[in-house]
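Colleague:
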């Protein structure tokens, strides 16, 4: 089955700087890669996703890149703000309503 | 519109008791998923339902766990003879396409 690894497990970034979280996956049939943000005690919220037919996607301060050959994808947050502090999870699936396999999460702390 | 809802929000039960957790998906979503999140951990897939197809039960940790989805909408996750290691937040999600939307979860504590 699919295995998703995520690094780093914790990340502290000065406000205004950029943050990068990286994930690798094992199943070459995976073609859908979402990122979720989870604040303490809250549900995971989908913040951005990418499908295998594109290499990069951007939404304001958030971007995701995908390298299918190397089987890795990354989340980039620019101009970080205190409200970006949360746990971020990457995930992978074969798409089409298939189950998600999640990484172990990255606790991002933005230092004011 | 209304998002995914789950009940109860919290459940404390004694070891050995059975519990039922409920999920109401977003109206019109054909797929429904159950995940489990232990304290400070990632999300672990349990089971999912897609339309009228047989459910994918490959993530259920033991035969004490079961789930059903009635009428293609509401789902119930049942844990029989609960154990302390069952303590976790149980999250439900639903989808129409690739994007899965999560409910607020049920925090289960087994004492």
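Residue numbers (this note's numbering), protein chains in the order written: chain A, 2 to 113; chain B, 618 to 728.
We treat Cβ as the ideally placed atom computed from N, Cα and C, and that holds for glycine.
Please name the residue in B:698, B:642, B:660 and B:635 whose C-alpha comes closest to that of residue 571 of chain B.
Modeller: Given that chain B is displayed from residue 618 to residue 728, the structure contains no residue 571 of chain B and the question cannot be resolved.
Colleague: Using 8 angstroms as the threshold, is the C-beta distance between residue 693 of chain B and residue 705 of chain B below it?
Modeller: In this structure, residue 705 of chain B does not lie closer than 8 angstroms to residue 693 of chain B by Cβ.
Colleague: Given this structure, state the Cα-to-Cα distance separating residue 68 of chain A from residue 636 of chain B, to the nearest angstrom.
Modeller: Whole-angstrom Cα-Cα distance: 43 angstroms.
Colleague: Ordered along the chain, which non-local residues of its own chain (more than five positions away) have a Cβ less than 7 angstroms from that of residue 59 of chain A?
Modeller: Excluding sequence neighbours, residue 59 of chain A sits near nothing in its chain.
Colleague: Counting only runs that start and end within the region 655–709 of chain B, where is the beta strand (DSSP E) found for 3 or more residues in a row?
Modeller: Counting whole runs of 3 or more residues, the region 655–709 of chain B contains the beta strand (DSSP E) stretches 660–667, 682–686 and 692–696.
Colleague: Name the chain A residues whose beta carbon is nearer than 8 angstroms to that of residue 712 of chain B?
Modeller: Ordered by position in chain A, the residues that pass the 8 angstroms Cβ test against residue 712 of chain B are 98.
Colleague: Going by DSSP, what residue range makes up the beta strand (DSSP E) through residue 638 of chain B?
Modeller: 636–641 is the span of the beta strand (DSSP E), which, as asked, contains residue 638 of chain B.
Colleague: Could you compute how far the alpha carbon of residue 23 of chain A sits from the alpha carbon of residue 75 of chain A?
Modeller: Cα-Cα distance, rounded: 4 angstroms.
Colleague: Check the DSSP bridge columns for residue 13 of chain A and list the partner residues they point to.
Modeller: Per DSSP, A:110.
Colleague: Nearest-angstrom Cα distance between residue 28 of chain A and residue 6 of chain A?
Modeller: Rounded to the nearest angstrom, the two C-alpha atoms are 12 angstroms apart.
Colleague: Whole angstroms is fine: what's the gap from residue 54 of chain A's alpha carbon to residue 4 of chain A's?
Modeller: Whole-angstrom Cα-Cα distance: 21 angstroms.
Colleague: Please list the terminal residues of the continuous beta strand (DSSP E) segment that includes residue 52 of chain A.
Modeller: Note, residue 52 of chain A: beta strand (DSSP E), 46–52.
Colleague: Between the alpha carbons of residue 30 of chain A and residue 715 of chain B, how many angstroms are there, rounded?
Modeller: Their Cα atoms are separated by approximately 15 angstroms.
Colleague: For the beta strand (DSSP E) holding residue 61 of chain A, just list the boundary residues, first then last.
Modeller: Unbroken run through residue 61 of chain A: none, as it is neither H nor E.
Colleague: In three-state DSSP terms, what is residue 35 of chain A?
Modeller: Strand at residue 35 of chain A.
Colleague: Got a sec, what are the start and stop residues for the beta strand (DSSP E) residue 724 of chain B sits in?
Modeller: 723–727 is the span of the beta strand (DSSP E), which, as asked, contains residue 724 of chain B.
Colleague: Between the Cα of residue 32 of chain A and the Cα atoms of A:17, A:102, A:107 and A:109, which residue gives the shortest distance?
Modeller: The option with the nearest alpha carbon to residue 32 of chain A is A:102.
Colleague: Do residue 17 of chain A and the ligand COA come close, with the Cβ less than 7 angstroms from some heavy atom?
Modeller: Of ligands this structure carries none, so the ligand COA is not represented either.
Colleague: Taking the Cβ atom as the reference point for each residue, do residue 77 of chain A and residue 13 of chain A lie within a distance shorter than 8 angstroms?
Modeller: Not in contact: residue 77 of chain A and residue 13 of chain A (Cβ atoms no closer than 8 angstroms).
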